[in-house]
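Going line by line, the protein sequences match chains A, B, C and D.
Per the numbering used here, the very first residue in the first sequence carries number 6; after that it's consecutive.
Per the numbering used here, the very first residue in the second sequence carries number 8; after that it's consecutive.
Per the numbering used here, the very first residue in the third sequence carries number 9; after that it's consecutive.
Per the numbering used here, the very first residue in the fourth sequence carries number 2; after that it's consecutive.
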Amino acid sequence: MISETVKRGPFSHINWKLWRSVILALLILAAILFFNARNPAETRAVLRSTLRYAVPLILGALCGIFCERAGIVNIGIEGQMLLSAFTSYMTNAWTGNLMFSLFVGMVTGSIVGLFLAFLSIKLKLNQVIGGTVINILAAGITGYFYQVGTTTKGKFASIPLGPLADIPIIGPLLFNNPPITYIAIVLVIVSQIVLFNTRWGLRTRAVGEHPRAADTLGVDVFKIRYLNVLIGGVMAGLAGAFLTLEGVGLFERGMTNGRGFIALAVMIFGKWNPISSAMAALFFGFANAMQTQLQFMGIQIAHQFVGMIPYLLTIIVVSGFVGRSRAPAAEGIPYEKE
Amino acid sequence: MKKRLFSILAILLVAGLVLGACTPKGTDVKPPADDPAKTFKVGLVTDVGEVDDKSFNQASWEGVLAAQKDLSFESKYIETKDAKDYDANIQLFIDEGFDVIVTVGFALGEATHKAAKANPEVAFIGVDQFQGEVVPGVAGLIFDEALSGLLAGVLAAEITQSNVIAAVLGTDLVPPVVNFNRGYVGGSKWVNPEINVISTYHPGGMDVAFTDPEWGASTAKQAIEQGADVIFAAGGKTGNGALIETAEHAGLFCIGVDTDQWLTVPEAHKCLISSATKDISDSVVALINLAVEGKFPSGNYLGGSSLAPFHDFESVVTDEIRTKLEEAKAAYEANQIELPEK
Amino acid sequence: MESVTPSQNNWLQKVWFSVRIPFLAIILALIVGAVVLLVSGSNPLEAYAQLFKGAFGSLKNFQRVLEKSTPLIFSGLAVALGFKAGLFNIGAQGQLLLGAIIAGFVGFSIKGLPSYVHIPLALLCGIVAGALYGAIPGLLKAFSGAHEVITTIMLNYIAINLTDYLSDGPWKDMSPGNIVSRLPAIEESAKIGTIGPVPIGFIVAVLIAFLIWFVINRTTFGFEINSVGLNPHASKYAGMRTKVLIIAALIVSGALAGLGGAVETQGVVGRYQPGFNAGIGFDGITVALLARNSPIAVIASSLLLGAMKGGANTMQFYANVPNEIIDIIQGTMLLFVTAEMVVRWVFKMRKRSETEITVTAGWGQR
Amino acid sequence: MDTLDLTNDKTTEATKMTGKETLILEARNIYKTFPGTIANADVSLELHRGEVLALLGENGAGKSTLMNVIYGLYTQDSGEIFLNGEPYSINNPHDAIAAGIGMVHQHFMLVPVFTVLENVMLGAETCRGPFLNKKAAEAKLRQLEKSFGLEVDPHAIIEELPVGLQQRVEILKALYRDVEILIMDEPTAVLTPQETEELFKIMRRLTERGVSIVFITHKLKEVLEIADRIIIMRRGHVVGSATPAETDEHGLASMMVGREVILEVDKLPAEPGDTVLEVKQLNVHDANQLHSVKDCSLSVRAGEVLGVAGVQGNGQSELVEAITGLRRYNSGEIWIDGKRMPQEKPRVLVENGMAHIPEDRQKHGLILQYPLTSNFVLCNYYREPYSRHGVLNAEAILKNADALIERFDVRTPSAETSAGDLSGGNQQKVIVGRELSRDVSLVIANQPTRGLDVGSIEYIHQTLIDMRDAGVGVLLVSSELDEIMSVSDRIAVMYRGEIVDVLDARDANREHIGLLMAGHA
C-alpha cells in the first residue's frame with residue numbers, strides 16, 4: 006500500500022538513463038573517429054568483424070526474445086541453430102539454390118520451435134528440460150546424418166547498396182553486407198516496432214506477463230505463444246543459415262560452438278529488448294574482434310580470460326550488480342485454462 | 008491407445024525416411040583378401056572426432072587405403088567418441104588379431120604404449136606421437152611442422168603485394184599449430200624483414216578451437232580488410248573456414264595445412280596456392296610396407312614436411328620463387344634461420 | 009495397463025507403477041533409434057545385439073561399463089539433489105571439471121604421501137573445489153535472485169576456460185615428450201584401483217548414492233531440502249533458513265559433482281586432461297530425470313547410460329553404426345521420460361500427481 | 002467521499018425505476034462439474050436491462066463458476082444461454098466480449114508492467130494498419146473517463162497504482178468495449194466503505210445508461226443497498242430469489258447457509274493477564290521504499306483476542322509477516338513474553354510460544370505434496386521425539402499425526418494422504434491442529450476463515466475463543482468486519498499502514514469502525 010515516498014532526490018526529475026546512453030554513444034563515436042583517423046583499414050576491419058560476429062547472436066537473441074516475451078523459456082536456441090545450419094547446408098549442397106536453402110533453414114528453425122512449443126504448451130513439459138532435449142537431439146541428429154564430402158556451389162556475397170555503400174565508415178559497415186546481415190539489421194528494428202507498437206506485440210507481451218488477463222480479454226494465449234515461438238524459430242533458423250550460407254559456406258558438427266547460449270546471454274543483457282540486445286551482441290562481437298586484433302598487433306594476452314568476458318558479464322547482469330534485468334513474469338509457467 | 012501409438016510410429020518412420028534419404032556415412036569394411044589362410048589386417052583408431060575430418064584422421068586413413076591398393080589386406084577404422092575409450096578402441100583391433108594399428112594423435116600416445124607393451128606382436132603407428140622413450144613395436148610418426156610452415160612463409164612473402172600476410176590458426180594449446188606459425192613467421196621475415204605478419208589463434212579451448220569455421224572465416228575477413236593478401240590457415244575446420252572466406256575475394260592467396268587441401272577443400276580452389284603439408288599418408292604407407300616386410304622400426308620416424316603442389320597456380324609461382332624455396336629449405340636445415348618463440 | 013492403480017498390499021504393482029514411465033520411455037527411445045537405424049540402412053537388431061555385447065560381453069567390457077557409470081552416478085546425484093531442492097543445476101559439468109583438475113593437481117604436486125593419505129586428500133580437495141564452485145550460483149540465487157539455470161550455464165563456460173588456462177599454463181605437464189596441454193600424471197599413491205573387476209570408485213559411488221538416499225529421506229536436512237524444493241514459502245514459515253538451504257543444496261550438489269571429477273581423475277584417467285570429462289555433467293541431467301530424482305534409481309539409470317556408452321564402440325566396430333545413434337537414443341529417452349506427458353499421451357495413461365518433478369520456472373528474479 | 006450512508010434506499014428505488022424491464026440475458030439449466038465437485042446444478046437466471054442483479058452465496062457456492070461460464074472462461078456441461086432472446090453460444094471470452102459482456106474479476110486481470118492505456122486497449126486495440134494508434138485510444142479513454150467520472154492517468158503503470166484505481170481501470174476496460182452487461186466478481190473486497198460507496202455510485206451511473214450489472218458478493222449489507230434483485234446460491238444450486246424490499250440480513254443469511262445462522266459467537270467476558278505480545282513503533286517499507294507499516298504499536302495480553310480490522314491491503318499482511326518473522330522490518334521492536342525477538346527468525350518465535358495461522362494456507366501453511374504426517378511436524382520436525390541427532394523418527398511422526406487427526410477431526414483417508422488432496426476446510430484444520438497442539442502462549446491468526454464454509458468458520462471461531470479462555474493471547478487479523486466484531490475483545494483499526502485507533506469491542510459499532518477503516522479518525 007502506498008502511503009508516501011520515503012526519500013526522493015533533488016535530481017530525480019532528470020532522465021539519467023537517457024543522458025547516460027547519449028554520452029556513451031558520443032564516446033563510442035569519438036573513439037571510432039579517432040581510430041579511423043589513425044588507421045582506417047584496421048578500424049573498418051574491426052568494426053565489420055564486430056558486426057559479423059554479432060549477426061548470429063542478434064538473430065539467436067531475437068529468437069529468445071520472441072519466445073520469452075510470450076512466456077516460453079527457450080534454452081534450445083543452440084540446437085535450433087545447429088539443425089537449421091545443417092539443413093540449409095544440405096539443401097545448398099543438393100540444389101545449389103541459396104535462397105531456397107535459406108528458406109529451408111528458416112523452416113527447420115520454425116519446426117523445431119513448434120516442437121518446443123508443443124512440448125511446453127500442449128504437454129506442459131518443463132521448458133528448460135524441453136530446451137535441453139532439443140540441444141541433445143540436435144547434436145545427435147546432425148552428427149548422425151552429416152555427410153562428409155558434400156560441397157556447396159558458394160555462399161551469399163555482399164551486396165553494396167548503391168551510393169550508400171560509399172559513405173565513409175558507415176557505408177562499408179552497414180550498406181555493403183550479404184543478405185542475412187541486412188535481414189538481421191532490419192529484423193532488429195522491425196522486432197522492436199512489432200513488440201512495442203503493434204497489436205501483436207501488445208498481445209505477446211501481455212501473454213508473457215499475465216496470460217490470464219489476456220485470456221479474459223479474448224486473446225488466444227495458446228495461439229500467441231505458438232506463433233511467437235514459431236517466429237522465434239524462424240529467427241534461430243536464420244542464425245543457423247547465416248553460419249552455413251553466409252558465414253562459412255560449410256557445415257561442421259557442433260559448429261555453433263555455444264553461440265546459442267551466448268545469444269541467450271545477449272538477450273538477458275539486452276533486457277529482452279531487441280535494440281538493446283543488438284547492442285549487447287555488438288559489444289560481445291567487439292570484444293571478440295578486439296581480441297583478434299590485439300593478437301594481430303602482437304599483443305599476447307591469455308585468451309581464456311577474454312573468452313570468459315561474455316559469461317562473466319552475463320552473471321553480473323543477471324545478479325543485478327549492474328543494471329538489473331527483469332524477465333517476463335509468466336515465463337516458464339505453462340498456461341492452463343481453468 | 009494402439010492407434011495413437013501406431014500413428015506416432017508412422018510419423019517417426021516417415022521422418023526417418025526423409026532423414027534417411029541422406030544416408031549416413033557407413034564405415035568401410037573391405038572384404039577379406041583372397042588368401043584365406045591368414046589375412047593381413049590394418050586398423051586405425053581416430054582421435055576424438057571423425058575419420059573424415061579433412062585433417063590428420065583423414066590423412067592417416069587415406070594412407071591406410073593407399074597402402075591397401077598395393078598390398079592386399081583387410082582394413083578397418085573406429086572413431087573415438089570419448090577420450091577415455093582410447094584403450095578400449097585399440098583393444099577391439101587387438102582382439103580381432105590386427106597386425107598393424109594406426110593410432111592418430113598425440114593424445115593416444117599413452118594408450119598406444121600400454122597396448123604395445125602388452126602386445127609385442129602388433130605393430131603400432133602413432134601419428135603425431137613423439138616418442139620420449141623407445142617402445143618396441145611403436146613407430147612415432149612425427150613431422151617438422153616448422154619446416155613446411157617456413158616454406159609457406161617464404162612463398163607468402165614472395166607473392167604478397169601488400170606486404171601484409173596473415174595466419175589464422177587453431178589453438179596454441181597444440182604444439183604442431185604453434186610450430187607451423189613459428190616457421191611461417193620466421194620464413195616470411197627471412198625473405199623480407201619488413202613484412203607485416205598478422206597471426207591469431209582461436210580463443211576457445213580444445214573443444215572448439217578446431218571446429219569453428221565461422222570464427223576462421225570472420226577472422227580471415229578481418230585480416231583481409233586490413234590489407235592481408237595471403238592467408239595461411241592452420242587449424243582443422245576452423246582453418247577451412249578461413250580458406251573458403253579467402254576464396255571469396257578476388258586476387259588473394261591462401262595456403263592450407265596438413266594435407267594437400269586442394270583435394271579436401273574444393274571450395275577454396277580460387278585462392279589455394281599450396282598447402283604446408285605433413286606427408287601423413289605417404290608416411291603411413293611407408294610404415295605399413297615396412298611392417299608387411301617385417302622391418303617395422305621403433306622410436307621416432309620423421310615424415311616428410313613440404314609444400315603441396317601449386318595446381319592452378321603453377322604459373323604464379325615463378326622459377327625465382329621456386330629457387331628461393333630451395334634456398335630457404337637448405338638454410339633452415341643448416342640452422343641459419345631463426346624462428347620466433349611462439 | 010492404464011487401469012492400474014497402486015494398492016497398498018501389492019508391492020509388485022507399486023514398483024511397476026513407479027518404474028513404468030521410465031521403462032516405457034526407454035522402450036520407446038529404442039524403437040525410435042531402431043527406426044532411424046532401419047531407414048539409414050543398418051540392421052537395428054544386430055546393432056543392439058552388438059551394443060549389448062559391447063557392454064556385457066566380457067568381464068572387461070563390464071568393467072568399462074562400471075567405469076563409465078561411476079561419474080554418471082555422481083553427476084546424476086548432483087543434479088537430482090538440486091531438483092530435490094527445486095534447483096536446476098545445469099552446472100554439474102563445470103563443478104565436475106573443477107573437481108577433476110584440483111584432484112589432478114593434488115595428485116601430481118604432492119609427493120611422498122602414503123596412498124591412504126593421498127587418495128582421500130585428493131578426493132577431498134576435488135570435493136571442496138566442486139562445492140565452492142557450486143556455492144557461487146547458490147549465493148547468487150539466495151542473495152540476488154539470479155536464476156541458477158542461467159548462472160550455471162555461464163559458469164560452465166567459465167570453468168572450461170579456467171581449466172584450459174590451468175592445463176596450458178601454470179599446471180601444464182612439462183615433462184619431456186609431452187606437447188599437449190594437460191596436467192602431469194598423478195602419483196601412484198593417489199590412484200584409485202579396483203577390487204577384482206569392480207572399480208573402487210564405483211563402489212564409492214554406490215555407497216554415496218545410498219548415503220544421499222538416507223540423507224534425503226531420513227534426516228532433518230533432507231526434510232528441509234525437500235520442503236524448500238516443494239514450497240519455499242512454507243519452508244520459511246516453518247522456520248527453515250531457506251537461503252542457507254539453497255546454498256547448502258548447491259554446495260552439496262557441487263561437492264558430488266566435484267567428487268565425480270576427482271574419482272574420474274584418480275580412478276580412470278590418471279591425470280587431468282582437457283576433453284576427458286566432456287559431457288558427463290550434462291549426462292547427469294538425463295540420469296537424474298530418468299531416475300526421477302531417486303538416488304537409488306540413479307545407480308540404475310547410470311548403469312543403463314554407462315552400458316550404452318560402453319557398448320557403443322563395439323557396436324560401431326562390428327555393426328558399422330555411427331556413435332551418434334547413442335545421442336539420438338539418449339535424447340529421445342530424455343524426452344520421453346521427462347515429458348511423462350508424452351508417454352501418457354502415447355499410451356493414454358492417467359496422471360498421478362506426486363510423480364511430477366518440481367523445478368522453479370523462468371529465471372526472473374524474486 | 003465525505004458521506005457514508007450504508008442504508009440508502011432512495012437511490013435503490015431510483016435505479017429500479019429507470020431500469021427497463023426487458024430481458025437481456027438468460028441462462029437456462031446450466032450444469033457444470035469439476036472432478037469431484039458439482040459447481041453448478043440446474044442453475045438458471047434472468048438479467049434485465051439496466052438492473053443490478055446480486056448473486057449472493059458463500060464461498061464455493063458456485064457464483065464465480067456460473068459467471069465464468071457466462072463470460073466464456075468455462076464451458077458448461079449442459080444448459081443454454083440466451084442473449085436478447087436468441088440462443089447464444091459462448092465458448093471463450095472473445096464471444097462474450099462480442100456479445101457485449103464484460104467482467105471485473107475478483108483478482109484483477111491487469112498486466113502489472115503495462116500502462117493503464119495498454120491494459121485498456123489489450124484485446125480491443127485501436128489500430129492504424131498493423132500499428133497501435135495510441136493517440137486515438139487515449140482520446141477515447143479520456144472521453145470515457147470524463148463521462149463516467151472515472152479519472153485515472155492513462156500513462157500510469159498499473160503496479161504503481163493503488164487497488165481502488167486498479168479497479169477503475171478494470172471497469173474502464175469493460176466500458177471501452179461498450180459493454181451492455183457487466184459482471185462484477187466480489188468488487189468490494191478490496192475497497193474501503195467510502196470507495197465502496199463511490200463504486201456504487203458508478204454502478205448506478207452505468208445502470209442509468211442501460212448497462213446491466215451482475216454483482217457477485219457474500220456481503221449481505223451491500224446486497225441490500227445496491228441490488229434490484231437478489232439470487233441466492235448454495236452448493237451449486239439456486240436456492241431462492243428476493244428483492245431488497247422483501248427481505249433482511251437474517252433472511253438472506255439463512256437462505257445462503259441453509260439453516261438459521263448465529264451471527265454472534267457465544268463467549269464469556271475476557272480475563273486478560275500479562276502482556277504476551279508487544280509491538281513497538283514498527284515500520285516496514287516495501288520494495289519501493291514506501292511505508293507499508295508505519296509506526297505501528299500494539300500489545301496482546303494473555304486471555305484476550307485483539308482483532309485488527311481494516312480494508313485489505315492497508316498493511317495488515319505486512320504487519321503480520323513482520324511479527325511472525327516472514328518479513329524484514331526497517332525499525333521497531335517485537336517482544337514476546339517479555340523477550341525481545343530478533344529479525345526474520347520464525348523458528349525463534351515458534352520456540353518462544355508463538356503459533357501462526359497464515360493468511361494463505363496453501364502458500365505458507367502447508368506443503369501440499371507432503372503427506373499429513375510431514376505437515377503436522379512442519380515446525381518442529383527437528384525436535385525430539387520427531388528426530389534425534391538429525392535423523393527423523395517416522396514412528397513418532399506418524400503417531401503424532403494420528404493423534405491430531407483424531408483430536409481436530411480432520412476428514413482424511415489416512416495420515417499418509419497428501420495435504421493437497423484435502424478440502425480447504427480440512428487443510429485449515431491441519432494447520433490449526435499443528436499450530437495449536439504445541440505449547441503456545443500467543444496465536445496469530447491472519448484471515449483464518451477465508452474461503453471456508455460456514456461450519457468450518459464456526460469451528461475456527463470457537464477454537465480461537467477456547468484458546469483465549471485457556472489463557473492464550475490471540476491476535477486476529479481479518480478484513481471481515483463481522484468476524485472481527487464477533488470474536489475480538491479489543492479492536493485495532495488499520496488504515497494505510499497505521500493503527501488509527503484501538504477500541505473495546507463492547508463499545509464499538511460498525512459505523513464508527515467503518516469510518517476509521519476509511520481514514521476518518
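We put the beta carbon where it would ideally sit given N, CA and C, even for glycine.
8 Å or more divides the Cβ of Y330 (chain D) from the Cβ of N376 (chain D).
For the set D:Y382, D:I31 and D:T38, the Cα lying nearest the Cα of M248 (chain C) is the one of D:Y382. Residue contact with chain D for Y245 (chain C): present (Cβ-Cβ distance below 8 Å to some residue of chain D). By the Cβ criterion, the region 176–188 of chain A is not in contact with the region 110–125 of chain D, since fewer than three pairs of Cβ atoms, one from each stretch, lie closer than 8 Å. In this structure, DSSP gives A506 (chain D) a state outside helix and strand, which the three-state scheme calls coil. Under the criterion of beta carbons closer than 8 Å, A37 (chain C) and I307 (chain C) do not qualify as touching, at roughly 20 Å. Not one beta carbon of chain C lies nearer than 8 Å to the beta carbon of L115 (chain B).
L267 (chain C) and P303 (chain C) have their alpha carbons spaced roughly 16 Å apart. Within 7 Å of the CB of R226 (chain C), the CB atoms of chain D belong to V392 and L393, in sequence order along the chain.
Residue environment for Q152 (chain A): exposed (fewer than 16 other C-beta atoms within 10 angstroms of its C-beta).
Taking a C-beta cut-off of 7 Å against chain C, the contacting residues of the region 114–143 of chain A are L124, L128, K129, L130, N131, V133, I134, T137, V138, I141 and L142, listed in chain order. In the structure shown, the three-state DSSP call for R49 (chain A) is helix. For R491 (chain D), no alpha helix (DSSP H) run applies; the uninterrupted beta strand (DSSP E) run containing it begins and ends at R491 to Y496, by DSSP.
DSSP places C133 (chain C) outside any beta strand (DSSP E); the residue lies instead in the alpha helix (DSSP H), whose first and last residues are S123 to S152. Under the three-state reduction of DSSP output, W277 (chain A) falls in the coil class, being neither helix nor strand.
In the three-state reduction of the DSSP assignment, M313 (chain A) falls in the helix class. By the CB criterion at 8 Å, S290 (chain B) and G258 (chain B) fall outside the cutoff.
DSSP lists D:S300 and D:W336 as the beta-bridge partner residues of E279 (chain D). Nearest to S77 (chain C) by alpha-carbon distance, out of C:A154, C:G292 and C:F96, is C:G292.
At a cut-off of 8 Å between beta carbons, Y149 (chain A) contacts chain C.
The beta carbon of Y339 (chain B) lies closer than 7 Å to those of L154 and L157 in the same chain, with the five residues before and after it left out. Residue state for F83 (chain D) is assigned as strand, using DSSP reduced to three classes. Beyond the five residues adjoining it in sequence on each side, I398 (chain D) comes within less than 6 Å, by CB distance, of T374, V378 and Y387 in the same chain, given in chain order. Nearest neighbour of F113 (chain B) by Cα position, chosen from B:L148, B:F217, B:E165 and B:E334, turns out to be B:L148. For H308 (chain A), none of the residues of chain D pass the 8 Å Cβ criterion, the least Cβ distance being about 41 Å. Secondary structure at Y330 (chain D): coil, using DSSP grouped into helix, strand and coil. Sequence-ordered contacts of the region 171–201 of chain B with chain C read L180, V181 and P182 [C-beta pairs closer than 7 Å]. Residue environment: N131 (chain A) is assigned as buried (16 or more neighbouring CB atoms within 10 Å of its CB, all protein chains considered).
The beta carbon of V199 (chain A) sits closer than 7 Å to the beta carbons of W205 and G206 from its chain, once the five residues preceding and following it are set aside; these are given in chain order. When DSSP reads this structure, C128 (chain D) sits in a beta bridge with D:L133. Under the three-state reduction of DSSP output, Y340 (chain A) falls in the coil class, being neither helix nor strand.
Y208 (chain B) and T294 (chain C) have their C-alpha atoms roughly 35 Å apart.
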